[in-house]
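J.: Those letters in the sequence shown? Residues 266 to 555, per our numbering, in order. By construction, the Cβ of each residue, glycine as well, lies at the ideal position given by its N, Cα and C atoms. Keep in mind that this is a model prediction, so the values were computed, not measured. Before anything else, here's the structure in question.
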Amino acid sequence: MKKYKAIFFDWDGTAVLSRTAPVDEVVVPMKKLLAQGIRLVIVSGTTIENIAKGKLHEYFTPEELKNLYMGLGRGAFNYAYDQAGQPFLLSHRIPEKEELLKIHRICYEIHETLLKDYDFRTDIVFSRPNYCKIDLMVENNRGDNLFFQENELEILKENLNGHGFEGGLKGLVKLAEETAREYGMDLSATTDAKYLEVGVSSKSDNVDMILQHLWEQDQIQPEDCTFWGDEYIGLDEGLFGSDSFMRTEKTKKGDFFDVSEAKGIRPEAVTVLGGGVQTFIRFMEDQSKM
């Protein structure tokens with residue numbers, strides 16, 4: 266395996282078992298790589314408060330933190346670190362209040378359509394910065410494991426069919442996009458089986474913006490980068506998990522790896538390694554020795 270200049274990676278399920286799990290193991294190779302000048306980019310749907318309880322920067326020196334970035338909130342926030350080692354907002358995609366309220370109305374209409382036409386019950390999380398999470402499996406509590414669980418896909422498909430919704434997950438994404446267009450908005454809809462997330466951006470926006478920054482700062486190209494996750498898996502025909510959104514027109518010449526053990530298809534360019542968090546940590550250790 267070649268030595269990379271930048272490593273983009275998901276957090277929950279890839280770098281750590283869960284957002285409440287200890288980070289001691291992964292920060293060891295991270296620290297070595299940051300000290301070598303390797304750019305590390307955490308790409309996650311969560312917020313900065315949920316990455317090592319908002320204290321990840323305390324594990325590294327200000328000099329090391331110059332090489333750490335975070336793309337969070339499904340494209341909402343991109344962070345870098347200042348000379349004092351404190352995170353600052355590099356860029357964001359936060360809508361005005363009226364636009365955010367329109368997203369809320371769109372998601373409520375999706376909820377209403379599923380309940381009225383199919384007697385299919387959902388919950389909605391409205392507190393996200395530029396999107397809503399529609400819970401499609403309200404009886405299924407993931408606990409601390411907030412990433413994709415292999416049995417969820419079949420459970421959801423059976424539940425949708427049982428309520429007469431025959432479009433599957435792809436049909437849910439189509440419903441979300443069509444509902445958004447009725448409100449004059451072009452929104453991104455993604456799903457990990459449990460949640461349908463509808464908003465103005467996705468992980469694609471995170472990786473594209475940060476890669477552009479790395480090019481402008483240090484001429485780092487897509488070929489110099491690798492992208493790691495645990496949610497590349499195919500959910501429906503032509504529909505893949507949230508980490509697949511790291512592969513864009515700008516990043517597609519990079520190398521993509523999946524540490525998930527879940528069985529199923531992945532995008533053509535993704536290499537499935539399995540092994541979960543330990544596979545990723547071993548990769549980071551190996552990179553630090555090259």
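1. Would you mind sorting THR285 into buried or exposed? The rule is 16 or more other CB atoms within 10 Å of its CB.
2. My understanding is that LEU473 touches LYS515, with C-beta atoms under 8 angstroms, so please give their C-beta distance in whole angstroms.
3. What three-state label does DSSP hand PHE413 in the structure shown?
4. Within its chain, find whatever has a CB closer than 7 angstroms to the CB of MET295; leave out the 5 residues flanking it on each side and keep chain order.
5. Can you tell me where the beta strand (DSSP E) with GLY436 in it begins and where it stops?
6. Less than 8 angstroms between the C-beta atoms of ARG358 and VAL465, yes or no?
7. Here's a check: name, in chain order, each residue in its chain whose Cβ is nearer than 7 angstroms to the Cβ of THR444, leaving out the five neighbours to either side.
8. For ALA349, count the other beta carbons within 10 Å of its own beta carbon; 16 or more makes it buried, fewer makes it exposed. Which is it?
9. CA-CA distance, TRP480 and GLY519?
10. Pick helix, strand or coil for GLY464, following the three-state DSSP scheme.
11. Ignore the nearest five residues each way along the sequence and tell me which others in GLU290's own chain have a CB closer than 7 angstroms to its CB.
12. PHE545 by DSSP, collapsed to three states: which one?
13. Shortest alpha-carbon distance to ARG386 belongs to which of ASP457, LEU461 and GLU533?
14. Got a sec? Which residues, its chain only, sit under 6 angstroms from GLY529 by beta carbon, not counting five neighbours each side?
15. List the endpoints of the continuous beta strand (DSSP E) containing TYR383.
16. If you reduce the DSSP assignment to three classes, tell me which class PRO394 lands in.
17. So does the region 269 to 277 actually touch the region 482 to 497, counting three or more Cβ pairs closer than 8 angstroms?
18. Please name the residue, chosen from VAL463, LYS362 and LEU337, that lies closest to LEU354 on a Cα-to-Cα basis.
19. Take GLY539 and list the residues in its own chain whose beta-carbon comes closer than 6 angstroms to its own, dropping the five residues that flank it on each side.
20. Quick one: which unbroken beta strand (DSSP E) runs of 3-plus residues sit fully inside the region 488 to 536? Chain order, please.
21. Residues in the same chain with beta-carbon distance under 7 angstroms from LYS331, minus the five sequence neighbours each way, listed in chain order, please.
T.: Well, looking at it:
1. In the sequence shown, the residue the question calls residue 285 occupies position 20. Under this definition THR285 is an exposed residue.
2. In the sequence shown, counting from the first residue as 1, residue 473 sits at position 208. In the sequence shown, counting from the first residue as 1, residue 515 sits at position 250. A small correction: the amino acid at residue 473 is Asp; Leu does not occupy that position in the sequence shown. Confirmed, Cβ separation roughly 5 angstroms.
3. Within the sequence shown, residue 413 is the residue found at index 148, counting from 1. Residue placement at PHE413 is poorly supported in this model, since its pLDDT is 48, which falls under 50; the coordinates are not used for a value here.
4. What you label residue 295 is simply residue 30 of the sequence shown in a count that begins at 1. Closer than 7 angstroms at Cβ, skipping near neighbours: LEU305 and MET549.
5. The count along the sequence shown starts at 1 and reaches residue 436 at position 171. Looking at the DSSP string, GLY436 is not in any beta strand (DSSP E); the run it does join, the alpha helix (DSSP H), is 433 to 447.
6. For the purposes of this step, residue 358 is taken as residue 93 along the sequence shown, with counting starting at 1. For the purposes of this step, residue 465 is taken as residue 200 along the sequence shown, with counting starting at 1. In this structure, VAL465 lies closer than 8 angstroms to ARG358 by Cβ.
7. Here residue 444 corresponds to residue number 179 of the sequence shown, with the count starting at 1. ILE371, GLU374 and ILE375.
8. Counting from one through the sequence shown, the residue named residue 349 turns up at place 84. By the 10 Å Cβ count, ALA349 comes out exposed.
9. For the purposes of this step, residue 480 is identified with residue 215 of the sequence shown, where counting begins at 1. For the purposes of this step, residue 519 is identified with residue 254 of the sequence shown, where counting begins at 1. For TRP480 and GLY519, the distance between alpha carbons rounds to 14 angstroms.
10. Within the sequence shown, the letter at position 199 stands for residue 464. Correct three-state label for GLY464: strand.
11. Your numbering for residue 290 matches position 25 in the sequence shown. Only ILE546 meet the Cβ criterion.
12. Along the sequence shown, one-based indexing puts residue 545 at 280. Helix.
13. Residue numbering aside, residue 386 sits at position 121 when the sequence shown is read from its first letter. The candidate whose alpha carbon is nearest that of ARG386 is LEU461.
14. Numbered from its first residue, the sequence shown carries residue 529 at position 264. Excluding positions up to five away in sequence, the list reads ILE498 and GLY499.
15. In the sequence shown, the residue the question calls residue 383 occupies position 118. Element bounds for TYR383: not the beta strand (DSSP E) but the alpha helix (DSSP H), 362 to 383.
16. Taking the first residue of the sequence shown as position 1, residue 394 is located at position 129. PRO394: coil per DSSP, three-state reduction.
17. yes
18. Your numbering for residue 354 matches position 89 in the sequence shown. Closest option to LEU354, Cα to Cα, is LEU337.
19. Position 274 of the sequence shown, counted from the start, is the residue given in the question as residue 539. Cβ neighbours of GLY539 beyond the five flanking positions: GLU526.
20. 490 to 494, 499 to 501 and 520 to 523
21. Start at 1 with the first residue of the sequence shown, and residue 331 comes out as number 66. Result list for LYS331: TYR346, in chain order.
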